[in-house]
Every structure is written in structure tokens, then in C-alpha cells.
């Protein structure tokens, strides 16, 4: 890792903004820059030399408009990152900048928490196969390829955490995996973990038309519900038998069943059910099952949630909403409405937005928030639905989703208002490491598209980046 | 004799094209000149005919004319469905007189034009009952007419109309070697929609690359091209036979050959979908082989790879939607291609394209906005869904810009039309309100 004299690093220097946008760092005063450079040089002279890769210098992001999400915006703010966490934030002048901090000039930019996508298929996290409609034993973890270009698209969109899910062609499609978008090669290095160290995720379920098919798949909604209920009852029985076997040394041991194990995690509230559902009656069917078996659930897509917001509120379920540019495409999405986020928010239902990449593009995830605002969702609620709302639905709100002291330093730097179509994601940071840089031609390719944008990322070797300018471990 | 244009039925056939806009422009200029002279002579407002449907004065703080110019503020007077005057609000209001209803909006543009979609054939529910955008029984079916399938009541037409889209080029999808024809129509749907047609037989949809292949019938690109070229030659021979026949001689009519003969005669362009670079070359090779044939390129994801060569002998381009998802043959698709084409000076328009699932239709307003996000200047982005689109579709005599004599097609907005958080406040076609705001 190079150790040069610390200087102010402009976060990005791109082409001039169109009229109406925030000014670029290049517009800063030369006197201010010189003064800050002097301070930084002095600080650098006093800084401890050397240091191993594990002890990163703190970083100070200076001058951006901070959007903490759990508090009001802070103009000309300072945010300090230390050991991968947010150490401090506040208005410039009120936040002490550590003497050894690497100082990053963010004037003219907006700094907000990295976005959280509760429903994504980047990395090809496919789960269940054609053998049957109920496959809780299958894990997206075992399928996903985190070197896929699609993860770079997610980083380019400002995403820092996402729920990688199997598809909706099954009643139970498998175990999802919550990923933190570090620049690393293996899914183990990206996945969040439960306290017991196992990969953290939810259970993907679906009703409506997608999981229907020829037997053994259900042909009707009633059959679908019966299959699911029978499976959950089997899991209840398995839990009971395992409990008895554990208590009684004389009892016949109960062999492990991977699928039933996952369902027991659901029954115990450890594993969230992420349930694809569109039509109002299908939404109510999910709530009926949740009441019967006591599982926690996030309802996904919910095209017709605007018809049943009170019922959803009463159930305690959260909603993760997709916004697409037109209704229809299939029968159960005919009444899909851009109004859904506004209606749910007004009713008090916990809300997030999702991309369902590649149904919509992770690179345009911020646009989903703007579409919700177009249809009347308040601006602050939209920004929360892209960040903290999703974090809560993934049980990760203690760690991510807002600019809060102690949370992970997962950040996104924007060159304008997050809800403006002209705004670009300039940089994306995970745990204080930059994972996307629009100024890097290699990264910019993934952001805009072009030849090679579908290629997987080149490998990052143990001893540093394989190619210069890749971001990643420094 | 060869059939000219579609035979839409007995009485009240809609003509394939309306009279040239230039004639009407001259007429309106003359009328305007007389009115001005009359006004100056009398020193008071000349008597105006009573305002009826199709009469409107629109006043906007920012009036986008569609040709890149913006009046701040600006006004348009629409009389009898046609634009009678464009200019500063005080001047226009005086010309129009007090009887004409006023409408104000922060911003306004010409009615937007979707240069290629499958609206009205690719039904919104995507079921057997409303899925008419491609018939898989044969690979080459140029005789399939869009007019025989177009459903003006499909809710997605009202959907895009709500966002300011007033003219659409729609028809068969890029999912077969020759899937069928397209048409150009206004998005108003009251009564007999055939009166809203601008071009009943606009183009013939051809698909190169993986979506143009069809199992045994055209399993490889080379086979597909051979079938296509042979079909054109057969049409050529048929047309020659018809032309040289004795008057009154009985000629076996053939819809397929007749439609391709119209293409060879330059009357109906081939709309050729191609994303891969080598498929784009094939499209141009086809155009060169048949001199009278007009080829319009659509899709064109890999056009940036061959831009210099292409620019020397270009085809008109209907560029893929900015938000089209890269993958397969369009893996190299870039949201910055529109910017590159504009920098190179190549004429192009934007489209909503074809989607087989969700979203069932895209909205060209949003696609242009994302192109602007990636560096296409805003004026050029608006032109790509107004005047440039109209020119590429051959309908710029009637639509595409706020010019005297053109149709009074307007879209009203409460802010920058490209901002996701703005709203379309209303849509007018020929001076009549056809939408009272988006998503009503």
C-alpha cells in the first residue's frame, strides 16, 4: 500500500454539470485548497509512519451535503470513517478531523447511505429447479457468482447491500443471501452472517401465477396454499421431534433435514420470509399463512397493495415495492400502480423499494425513488425506502441504512440531488473502501454500458489489485 | 396493376398519407398575412370565427419548439386543429383574439413521438387473447398488416398518451425474420381510429440476429439472409411480370410479393432490427444490393463499434431504448450511444421498443430523459422524440415541431419534462384535449 504525503483528493472531477445542478469540486477557491493542503501536509508529517493493511487511516469526507436519512440534511457536512465504521458526522467546523485522516474533498456532492436493495437477482442467485415447487433446502449462496458484471452494475447504481434471491417460479424457491457489495471474489467474503456464523438471508416464497404449472407444481391457488401449509406443518413436527430427541438421550435421533431446518428458522423468527405476491387476494393469502404459522414476512412487488393497505398494516408485514414504467405484462400486474408506495406510506406500512434486477436496472435504482415521488410519496420517505427501509426488512438496520455513528461506512457520493434524473453516482464505498469510481474507465464502463460491460470482473489477487484503478482492497 | 397502399374497405377509405403539410403551411401563412394586414389597417382585432374544438392558445413559461429552440415564455395558437401562430404570448393572444380558450403550463413541448413500439398489438395483458405482435407460423410474413391487428383501446395507449405521446409508429415486433408491417397513428382513439392514421403501411419489420432465427426455417444468419434475399427477388420478378402484362390480363395476386415489391420500389422501408455489429453490416449490405430499397436500422446496440464506417454511408437509425436491458445480442448496449450518435451528427430517433414481459411498454419520454442523463444534450434528446423522429418516419409535414401549419399536438408539463419528478399536465391532439394528465 503506497504511503505518499497526504493531500486533498478531489472525489471526482467530471464534466461540467448542466444548469441547475450542484457545482463541481473544480469550482472551489484556490486559497481554500491551499490552506487545506497545508493543514493536511502538517497532519501527514505528524502521522504515524507505515502501518499494516488492517489499520486503515481514518477518512474525512468534507464539504458534501449529507443526507443521513435518520435526521435532516446537513449542508457542508463532514463525515469521518474509521475502521470501516462511521465515527462522526456533522456540519463542518463542528466535527473534529483526526490528525492522520485522509481528507477527501466532496464539495458540490451529496453524500448519503449506500442503497439497500431488498430484491435482486444479480450474480444469478438461482435456487430451486424443476423437480418440485417446495425447495427450502436450496441456497442461493451455492449458485451465485459474485464476479458477475451485474454486481458492478449494482455498485454503479450506489447499492452497497442487497438481498440476492431465487426466482418466483416456486412456492418456496430457496434460501436467499444478504450481500454486502465488497470488491471480493467469493460469496463468503460478501455475505452477511447470523450470530452463529452461518450465511444470513431469508426464505424466498411466491404465490399467484408464477409458481403454477403442471404437477408436481400446483395448478390452482388453493392447491398452492395446501402444499405450503403441509410443508410448514411438517416443519413444526420436525422441530418438535428434534426438541424431544435433544432432551431425551434414549430417543431415536432425528436426522437433519436441510429444508425443514430452514423452515424451522422461519418458524422461530430468525429467517425472514420474502414473499412475491401481486394480486390483492394473493396478498391476503400470504397474510393468512403468516397468521397460521407465525412467520415474519416482507411482501414483495405487491402490485395491488394499494387496494388492501389496512389489512397489510394490521398484519405487521412490511412491503417491498417494484415500480415499472407501465402496468400489465401479465394478468396479475394489470392493476400495478405507481401510487402503491404513497398509499402504503400514508397507511403506515413499513416500506422499501427494490429493483428486481434485471426487471429494472440496479444502475437506475435511485430513479425508483423519484418515480415514487412523482406519484406522491414524500421525498424523505422515498430516500428512506431506498436505504433504511430496506435495511429494516433485512434485519440489518443496526448496521446499515443511515449515516449514523457506529454504523458501517457504506456510502454513496452523488453529483446532484438523488431524485434528479441527471444525477450520477460518482463513488460507492463499503466499510470505508471505495468499490466504485466513475472516474475509473473500467468502472465507468459498467455504469454506462458498452462492449465488455457484460464481462465478469477481473480477479483481485491476495497481494493487491490485479489491475490498477480497480478500487478494492488497498 | 399492383395494389397501392392497403385496401381498408369500401367507403371512407383512409388515405395512406394526408396532403402535404407544405400546402397547408402556405395557406396559413397567407391567412396570417391577411389577418395581420387587416389588424394594422383597422387598428383593432379583426373579427374571429367562433372558437370550437381544436381551438386553443397555449402559453408556457418554457415552450420547447421541438427543433431545439425554446421560447421563454412562448405561446401557440391552434385553430381548427392546426398551428396558426407561434411566438411571444402577448402577440399570439392578440392574434387569436379573446374567444379562443387559454391554457397555461410551466413547460410545453410538441406532442411526443414514439419512433418504434408494438403498442396496440402487444396487448397489455400479454395473454393469447391480446398478443398480436408476432405470428410464429412462418419466418417471412411481410403481408401481415398492422391495421388488421391494431387495438386503439389497449390501455397502454392511453398510458403513454398521458405522458404526452401523441404519435406512435407501431406494429409487428422484432421477433421474426419478417414479422409484418407497421403503421403510424395518433394516440387519440375516439370513433373510427382509421382517421387518426398518418401512415397505414409505414414499414416492414425485419429482424436480423438471434430473434430473426426460427428453428428449421431459418436456423442460421446465412440461411435467414438467403431466404430474405430470395423473397425480395421473387417480389421483384412478380412486379416485373405485373408491369409488363397486357392490360386486362389476369395476374395471380400475391400479398407477400406485392408488399415486398412496394419495399423494393422505395414506397415502404424495411425496418431492420440489428444489434450486433455484423448484423448491422448485413443490413447495409442488403440496402446496397437492392438500390431502390430503403432500410431503416433499429436497435443498433453495437453501432458505436463501427461508427466511422457507418457515418460514411449511414442508414436512418431508430436507436434502442436507453433503459433496454443489455444481454445476449445487446450485451454491449450503452446508455451513452445516443450521445455518441449526436456528436457524430448522425440522425436518429428514440423508441420504446418491444418488451415481452414487464414493463409491457416503455415510455419514450423516460427513455429520452435517461439519454440526457448520459450526456445527450437536452435539446437533442427532445428532438429524438419530436422532430427527428417525425423526419425519420416521414411525417414531419404534420407533426414533430411547433410550426405554423403543423398539427396542434402538444404536451404540457409542470417542470422539466425529463425530470422523473415532473408531471405531464395534459395532452392535446390537433387542438383537442385527449388526456387531462398522466395516469388518469
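Protein chains in written order, with this note's numbering: chain A, 597 to 1070; chain B, 376 to 815. The C-beta atom is built at its ideal place from N, Cα and C for all residues, glycine as well.
{"Item": "Which of helix, strand or coil does DSSP assign to residue 883(B)?", "Value": "Nothing can be reported for residue 883(B): it is not among the residues displayed for chain B, which extend from 376 to 815."}
{"Item": "Could you tell me whether any Cβ in chain A is nearer than 8 Å to the Cβ of residue 809(B)?", "Value": "no"}
{"Item": "Across which residues does DSSP place residue 702(A) in a beta bridge pair?", "Value": "None; residue 702(A) has no bridge partner."}
{"Item": "Quick one: give me the first and last residue of the alpha helix (DSSP H) that residue 532(B) is part of.", "Value": "530–537"}
{"Item": "Please name the residue in 996(A), 991(A), 1018(A), 1054(A) whose C-alpha comes closest to that of residue 791(A).", "Value": "991(A)"}
{"Item": "So what's residue 811(B) in DSSP terms, helix, strand or just coil?", "Value": "coil"}
{"Item": "Taking a contact to mean a Cβ-Cβ separation below 8 Å, would you say residue 863(A) touches residue 827(A) in this structure?", "Value": "no"}
{"Item": "So if I threshold CB-CB distances at 7 Å, which residues from the stretch 574–594 of chain B count as touching chain A?", "Value": "none"}
{"Item": "What residues in the stretch 705–727 of chain B bring their beta carbon closer than 7 Å to a beta carbon of chain E?", "Value": "Annotation note: the requested chain E is absent from the structure, which comprises protein chains A and B."}
{"Item": "Evaluate the contact criterion for the stretch 567–577 of chain B versus the stretch 520–529 of chain B: three or more CB pairs, one atom per stretch, below 8 Å.", "Value": "yes"}
{"Item": "Would you say residue 729(B) reaches chain A, if we count a Cβ-Cβ gap shorter than 8 Å as a contact?", "Value": "no"}
{"Item": "Per the DSSP calculation, residue 658(A) is bridged to which residue(s)?", "Value": "674(A), 701(A)"}
{"Item": "Can you tell me which of 901(A), 1015(A), 895(A), 967(A) puts its alpha carbon nearest to the alpha carbon of residue 986(A)?", "Value": "895(A)"}
{"Item": "Since residue 540(B) and residue 487(B) are thought to touch, with beta carbons under 8 Å apart, how far apart are those beta carbons, to the nearest angstrom?", "Value": "5 Å"}
{"Item": "If you drop the 5 nearest sequence neighbours on each side, which residues of the same chain put their C-beta closer than 6 Å to that of residue 646(A)?", "Value": "Bear in mind that the predicted position of residue 646(A) carries a pLDDT of just 39, short of 50, making it unreliable; the figure below should be weighed with that in mind. Cβ within range, chain order: n/a, list empty."}
{"Item": "Rounded to the nearest angstrom, how far is the Cβ of residue 734(B) from that of residue 920(A), given a contact under 8 Å?", "Value": "4 Å"}
{"Item": "Using 8 Å for Cβ pairs, my map puts residue 870(A) next to residue 936(A). What's the rounded Cβ distance?", "Value": "Their Cβ separation, rounded to whole angstroms, is 17 Å, which puts residue 870(A) and residue 936(A) out of contact at 8 Å."}
{"Item": "Closer than 7 Å by C-beta to residue 771(B): which residues in its own chain qualify, once you throw out the five before and the five after it? Chain order, please.", "Value": "762, 765"}
{"Item": "Ordered along the chain, which non-local residues of its own chain (more than five positions away) have a Cβ less than 8 Å from that of residue 788(B)?", "Value": "480, 481, 482, 483, 484, 539, 797, 798, 799, 800"}
{"Item": "Please report the residue range of the beta strand (DSSP E) in which residue 611(B) lies.", "Value": "It is not in any beta strand (DSSP E) - residue 611(B) instead sits in the alpha helix (DSSP H) that spans 596–619."}
{"Item": "On the DSSP letters alone, give me the boundaries of the alpha helix (DSSP H) that residue 1042(A) sits inside.", "Value": "1037–1044"}
{"Item": "Which residues, in chain order, does the stretch 517–534 of chain B contribute to contact with chain A at a C-beta distance below 8 Å?", "Value": "530, 531, 534"}
{"Item": "Please report the distance separating the alpha-carbon of residue 812(B) from that of residue 571(B).", "Value": "21 Å"}
{"Item": "May I ask you to report which of helix, strand or coil DSSP gives residue 939(A)?", "Value": "helix"}
{"Item": "Check distances from the C-beta atoms of the stretch 777–799 of chain B to those of chain A and list, in chain order, the residues that come in under 9 Å.", "Value": "791, 793, 794, 795, 796, 797, 798"}
{"Item": "Could you pull the DSSP bridge partners for residue 506(B) from this structure?", "Value": "497(B)"}
{"Item": "Do you know how far the Cα of residue 773(B) is from the Cα of residue 467(B)?", "Value": "21 Å"}
{"Item": "Can you name, in chain order, every residue of its own chain whose Cβ lies under 6 Å from the Cβ of residue 804(B), other than the five neighbours on each side?", "Value": "541, 561, 563, 784"}
{"Item": "Apply the 10 Å Cβ neighbour rule to residue 840(A) and answer buried if 16 or more other Cβ atoms are within range, or exposed otherwise.", "Value": "exposed"}
{"Item": "Compare the Cα-Cα distances from residue 664(B) to each of 600(B), 742(B), 436(B) and report the closest residue.", "Value": "600(B)"}
{"Item": "Under the three-state reduction of DSSP, which class applies to residue 688(B): helix, strand or coil?", "Value": "coil"}
{"Item": "Please state the DSSP three-state secondary structure of residue 1076(A).", "Value": "Here chain A has residues from 597 to 1070 only, and residue 1076(A) is not among them."}
{"Item": "Please determine, among 456(B), 686(B), 768(B), 682(B), the residue with the shortest C-alpha to C-alpha distance to residue 806(B).", "Value": "456(B)"}
{"Item": "Can you give me, in chain order, the residues of the stretch 939–972 of chain A that have a beta carbon less than 7 Å from any beta carbon in chain B?", "Value": "954, 955, 957, 960, 963, 966, 967, 969, 970"}
{"Item": "With respect to the alpha helix (DSSP H) encompassing residue 739(B), which residues constitute its N-terminal and C-terminal limits?", "Value": "739–748"}
{"Item": "I think residue 607(B) touches residue 630(B), with their Cβ atoms under 8 Å apart; what is that distance to the nearest whole Å?", "Value": "With a Cβ gap of about 15 Å, residue 607(B) and residue 630(B) do not count as contacting."}
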